[in-house]
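Heads up: the sequence lines are chains C and F, in that order. Throughout the first sequence, residue numbering follows the working numbering, covering 2 to 343 in sequence. Throughout the second sequence, residue numbering follows the working numbering, covering 4 to 332 in sequence. We put the CB at the ideal spot given by N, CA and C, even for glycine. Written out below as structure tokens is the structure these notes cover.
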Amino acid sequence: MKLSFKQALVAGAVALSVSSAAMATEMTGAGSSFIYPVLSKWAEAYKAKTGNSLNYQSIGSGGGIKQIKAKTVDFGATDAPMSFEELQAGGMVQFPAIIGGVVPVVNIDGIKPGQLKLSSDVLSDIFQGTLTNWNDKRIALLNPGVQIPAGDITVVTRADGSGTTAIFTNYLSKVNKSWKDNVGFGAAVKWPAASTVSGKGNEGVAANVSRIKNSIGYVEFAYAKKNNMSYTQMKNADEKFVLPTAAAFAAASAGTDWSKFPGMETFITNAPGAASWPITGATFVVIYKKPDNKANAAEVIKFFDFGFKDGGKMASELDYVPMPEATTNFIRKSVWSQVDVK
Amino acid sequence: MQSTSSTLGLPSAKAVQIARRQRIQDFLFHAITQFFSMLVLFVLAGIIGSLLINAWPALKTFGPGFFLDDEWDIVNDQFGGLISIYGTLVSSIIALAIAVPLSFGIAVFLTEMCPDFLKRPLGTAVELLAAVPSIIYGMFGLFVFAPIFGDYIEPVLQATLGKIPLLGILFSGPTNGIGMLCAGLILAMMILPFIASVMRDVFEIVPPVLKESAYGIGCTRWEVVTRIVLPYTQAGVVGGVMLGLGRALGETMAVTFVIGNASRISPSLFAPGSSIASTLANQFGEADAGLHFSSLFALGLALFFITFVVLALAKWMLLSMEKAKGVKS
Chain C
2 MKLSFKQALV AGAVALSVSS AAMATEMTGA GSSFIYPVLS KWAEAYKAKT
52 GNSLNYQSIG SGGGIKQIKA KTVDFGATDA PMSFEELQAG GMVQFPAIIG
102 GVVPVVNIDG IKPGQLKLSS DVLSDIFQGT LTNWNDKRIA LLNPGVQIPA
152 GDITVVTRAD GSGTTAIFTN YLSKVNKSWK DNVGFGAAVK WPAASTVSGK
202 GNEGVAANVS RIKNSIGYVE FAYAKKNNMS YTQMKNADEK FVLPTAAAFA
252 AASAGTDWSK FPGMETFITN APGAASWPIT GATFVVIYKK PDNKANAAEV
302 IKFFDFGFKD GGKMASELDY VPMPEATTNF IRKSVWSQVD VK
Chain F
4 MQSTSSTLGL PSAKAVQIAR RQRIQDFLFH AITQFFSMLV LFVLAGIIGS
54 LLINAWPALK TFGPGFFLDD EWDIVNDQFG GLISIYGTLV SSIIALAIAV
104 PLSFGIAVFL TEMCPDFLKR PLGTAVELLA AVPSIIYGMF GLFVFAPIFG
154 DYIEPVLQAT LGKIPLLGIL FSGPTNGIGM LCAGLILAMM ILPFIASVMR
204 DVFEIVPPVL KESAYGIGCT RWEVVTRIVL PYTQAGVVGG VMLGLGRALG
254 ETMAVTFVIG NASRISPSLF APGSSIASTL ANQFGEADAG LHFSSLFALG
304 LALFFITFVV LALAKWMLLS MEKAKGVKS
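This is the structure we're talking about:
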């Protein structure tokens with residue numbers, strides 16, 4: 002009697018676990034730490050609505066690509082897009098899910114947030130170590146009427162491999178030939194300036210810039226805002242000075258016609274348009290065209306569809322820019338349609 | 004009569020049983036302990052093997068010159084380990100140069116001169132320092148120590164030691180606080196409790212009669228420590244220093260925070276650099292399979308090798324010390 006009672010209990014537990022597994026799916030994803038805050042917000046709302054949950058590991062863009070290639074996750078997320086050839090070879094597709102901005106931040110006595118104006122050439126010469134003092138004539142020329150104290154410039158960069166660095170160096174190689182020839186772009190590069198100090202993560206860069214007088218670094222916009230740092234204005238592709246704002250990031254992405262790029266593979270840095278912030282980037286989501294787990298892949302698409310439709314406000318609250326509707330329509334029509342979930 | 008027969012005659016059945024049981028117990032004990040110690044060897048061989056296999060593409064491409072090349076360019080797939088190896092060695096040497104004399108002072112004070120009521124709290128405080136996680140040292144270093152160091156101490160060092168010809172180059176450059184010297188100081192703080200507590204423990208086992216007789220013939224405290232205590236405990240002291248050095252060589256988190264992570268070698272101690280451990284910590288997560296990935300493994304191999312050489316040197320030093328003692332007496 003006792004034994005049969007136990008058996009019934011076990012059978013019941015098994016039945017329960019099976020039925021609950023059939024009821025709710027758990028998607029898995031890994032990669033970019035940039036997209037993590039907004040993904041977790043979306044996932045919370047999505048779970049409340051559908052009961053399906055997302056397990057996302059924020060391990061960095063490179064790690065995300067590795068995990069999706071190893072098929073250990075349902076989707077990977079990366080700030081630097083995968084090349085079209087590589088996507089084709091692996092039977093994958095990618096689409097941008099969210100947009101954000103990378104901003105130069107400085108620590109100069111008396112310079113307030115948004116006050117200092119920089120051009121692409123000045124910025125790349127500073128990071129190349131050929132422009133080494135804040136009282137340089139070229140900086141003064143960009144900033145009439147602003148008192149900039151003299152001081153040797155310390156360059157602060159990311160020490161770890163990072164999508165932020167990929168976006169920043171991609172911008173510099175687009176606008177400056179000597180940067181492109183000598184340094185190039187990637188998640189981690191060989192920083193040429195002799196005065197370079199590197200920190201780990203956005204936090205490390207923010208901490209170093211806040212501490213070291215006369216330093217300049219680059220962080221995601223949210224970090225600059227959160228830490229009250231002096232971000233700079235940038236001269237964009239249309240030769241206009243712009244402040245880093247959500248509107249400027251949106252303007253940069255609006256000018257990008259994703260449909261023109263095979264596999265949507267493009268950086269939206271140095272985008273045209275008078276209001277565009279030049280160092281804007283997107284986080285890309287990578288999925289398989291013929292996924293092993295069709296139910297989960299279908300759920301991933303439903304999840305991002307929910308994010309595009311209902312997640313805009315949540316994204317804006319976190320200083321991200323939702324994808325413009327034209328782009329999300331294009332993603333639905335031309336990217337998701339390639340994924341075999343039936 | 005009975006007693007002699009039991010001692011001289013055949014053992015009773017019970018004694019045989021006990022002896023057999025003991026033999027089985029002994030055999031089992033032997034086998035188990037041997038298995039555990041062999042396990043360590045197997046794990047070690049496994050680590051070396053996996054490091055070698057993963058590092059092989061880099062070693063094949065760059066040759067042995069990998070360890071002497073100061074190029075670390077991820078975009079162009081050019082790798083050499085010299086910058087990191089240099090940073091590891093220099094920061095560890097700085098740490099030892101500071102921590103060993105300090106630990107020695109602490110240990111001598113605690114064992115020879117400390118009043119009894121202070122002994123316990125001071126000793127516990129030193130051991131507590133060892134229990135602080137390295138990430139805490141890193142955060143303390145970056146947010147508290149480095150600013151003070153860069154604003155007040157480095158300028159003073161530059162104005163004094165920096166003026167000495169030749170030596171001055173060690174203290175040149177901007178005073179950011181972050182850099183090789185800062186990393187060395189934080190490391191010194193981290194390894195100090197290890198060395199100090201080992202030294203204290205071995206100093207305490209010196210038989211009092213030895214010290215008392217030395218005092219009896221009129222030795223000063225300094226003479227007792229250097230002529231009696233140190234020679235008696237040299238193996239333990241070297242062991243403690245090596246324990247500290249081992250930790251300094253492999254320390255990752257704290258060093259990553261304060262060393263500045265620059266991929267270049269600078270003669271100045273104020274300049275940022277990077278160590279093997281900090282390079283691995285920074286780049287491993289994002290490294291794509293290929294030369295970058297295997298170069299990181301090659302760096303790991305280098306760290307393994309450095310640690311091995313250090314331990315071998317320590318053993319060799321101890322052996323030659325014992326020999327010298329043998330010749331003397």
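So, at 7 Å on beta carbons, what are the nonlocal neighbours of C/D122 in its own chain, with the 5 sequence-adjacent residues on each side left out? The residues are N177.
Per the contact definition of three or more C-beta pairs closer than 8 Å, is the segment 178-191 of chain F in contact with the segment 148-167 of chain F? Contact between the segment 148-167 of chain F and the segment 178-191 of chain F is present: three or more C-beta pairs spanning the two stretches fall below 8 Å.
Mind checking which residues open and close the beta strand (DSSP E) that includes C/V286? Secondary structure note for C/V286: its beta strand (DSSP E) is the uninterrupted segment 281-289.
Endpoints, beta strand (DSSP E) assigned at C/S54: It spans 54-58 - the beta strand (DSSP E) in which C/S54 sits, taken as one unbroken run.
Do the segment 197-210 of chain C and the segment 134-141 of chain C touch if we need at least three Cβ pairs shorter than 8 Å? A contact between stretches requires three or more CB pairs, one per stretch, nearer than 8 Å, and the segment 197-210 of chain C fails this requirement with the segment 134-141 of chain C.
For F/D154, three-class secondary structure by DSSP: Three-state DSSP puts F/D154 in a helix.
Extent of the continuous beta strand (DSSP E) to which C/N108 belongs: Residues 93-108.
If you follow the alpha helix (DSSP H) that F/M142 is in, where does it begin and where does it stop? Unbroken alpha helix (DSSP H) run through F/M142: 137-143.
Which term fits F/L299, buried or exposed, when burial requires 16 or more other beta carbons within 10 angstroms of its beta carbon? The residue is buried, with at least 16 neighbouring Cβ atoms inside 10 Å.
For C/N203, name the three-state secondary structure that DSSP assigns. Judged by DSSP in its simplified three-state form, C/N203 adopts helix.
Any chance the segment 286-304 of chain C sits against the segment 220-227 of chain C, with 3 or more Cβ pairs inside 8 Å? Because the criterion of three Cβ pairs below 8 Å is not met, the segment 286-304 of chain C and the segment 220-227 of chain C do not touch.
Can you check whether the C-beta of C/D80 is within less than 8 Å of a C-beta belonging to chain F? Not closer than 8 Å to any Cβ of chain F, the Cβ of C/D80 fails to qualify, so no.
is_contact[C/A160, chain F] using C-beta, thresh 8 Å: So yes, C/A160 belongs to the interface.
With DSSP as the reference, please indicate the residues paired to C/S211 in a beta bridge. DSSP lists no partner for C/S211.
Using a beta-carbon distance cut-off of less than 7 Å, what residues from the segment 271-290 of chain F approach chain C? Here the close residues are P275, N285, Q286, G288, E289, A290.
State the beta-bridge partners of F/R267 as determined by DSSP. When DSSP reads this structure, F/R267 sits in no beta bridge, so it has no partner.
What distance in whole Å lies between the Cβ atoms of F/I86 and F/G276, which are believed to be in contact at a cut-off of 8 Å? With a Cβ gap of about 7 Å, F/G276 and F/I86 count as contacting.
Cutoff 8 Å; reference F/K214; Cβ partners in own chain excluding five residues on either side: Once the five neighbours on either side are set aside, the close Cβ partners of F/K214 are V227, I231, V232.
Interface residues of chain F around C/V184 at Cβ under 8 Å? Within chain F, the residues near C/V184 are V78.
Ignore the nearest five residues each way along the sequence and tell me which others in C/L319's own chain have a CB closer than 8 Å to its CB. If we look at C/L319 and ignore the five residues flanking it on each side, its Cβ neighbours are P38, V39, K42, A223.
In terms of DSSP beta bridges, what is C/L119 paired with? Bridge partners of C/L119: C/M235.
Do F/A251 and F/A134 have their beta-carbon atoms positioned less than 8 Å apart in this structure? Taking 8 Å as the cut-off, the beta carbon of F/A134 is found no closer than this to the beta carbon of F/A251.
Would a check of beta-carbon distances place F/P60 closer than 8 Å to chain C? Closer than 8 Å: no.
Can a CB atom of chain C be found closer than 8 Å to the CB of F/N57? Judged by the 8 Å Cβ criterion, F/N57 is not in contact with chain C.
Can you tell me the Cα-Cα spacing of F/G30 and F/R24, whole angstroms? Gly is not the amino acid found at residue 30 of chain F; the sequence shown has Phe there. For F/F30 and F/R24, the distance between alpha carbons rounds to 10 Å.
How far does the beta strand (DSSP E) with C/G32 in it reach, from first residue to last? It spans 27-32 - the beta strand (DSSP E) in which C/G32 sits, taken as one unbroken run.
Alpha carbons only, please: which of C/F96, C/D75, C/T73 is nearest the one belonging to C/M83? If we check each option's Cα against that of C/M83, C/F96 comes out closest.
Under 8 Å between C-beta atoms, does C/G187 make it to chain F? Yes, C/G187 lies at the interface with chain F (some Cβ there is under 8 Å from its Cβ).
Where in the segment 243-300 of chain F do unbroken runs of the alpha helix (DSSP H), each at least 4 residues long, occur, reported from the N-terminal end onward? Taking only runs of at least 4 residues, the alpha helix (DSSP H) segments lying wholly in the segment 243-300 of chain F are 256-261, 279-286.
Only counting the same chain, and skipping five residues up and downstream in sequence, which positions put a Cβ closer than 7 Å to that of C/A167? Hits under 7 Å: D80, A81, F186, G187, A188.
Judging by CA-CA distance, which residue of C/M28, C/G102, C/K118 is the nearest neighbour of C/G77? Considering only alpha carbons, the answer is C/M28.
Residue burial classification, C/D153 (beta-carbon count within 10 angstroms, cutoff 16): C/D153 is exposed by the Cβ-count criterion.
Tell me whether the beta-carbon of F/V103 lies closer than 8 Å to the beta-carbon of F/S200. In this structure, F/V103 lies away from F/S200, with their beta-carbon atoms at least 8 Å apart.
Residues, ordered as in the chain, of the segment 215-229 of chain C that lie near chain F by beta-carbon distance below 7 Å: For chain F, none of the residues of the segment 215-229 of chain C brings a beta carbon within less than 7 Å of one of its beta carbons.
Terminal residues of the alpha helix (DSSP H) in which F/V46 lies: That run of the alpha helix (DSSP H) goes 16-65.
To the nearest angstrom, how far is the alpha carbon of F/E115 from that of C/N215? Whole-angstrom Cα-Cα distance: 50 Å.
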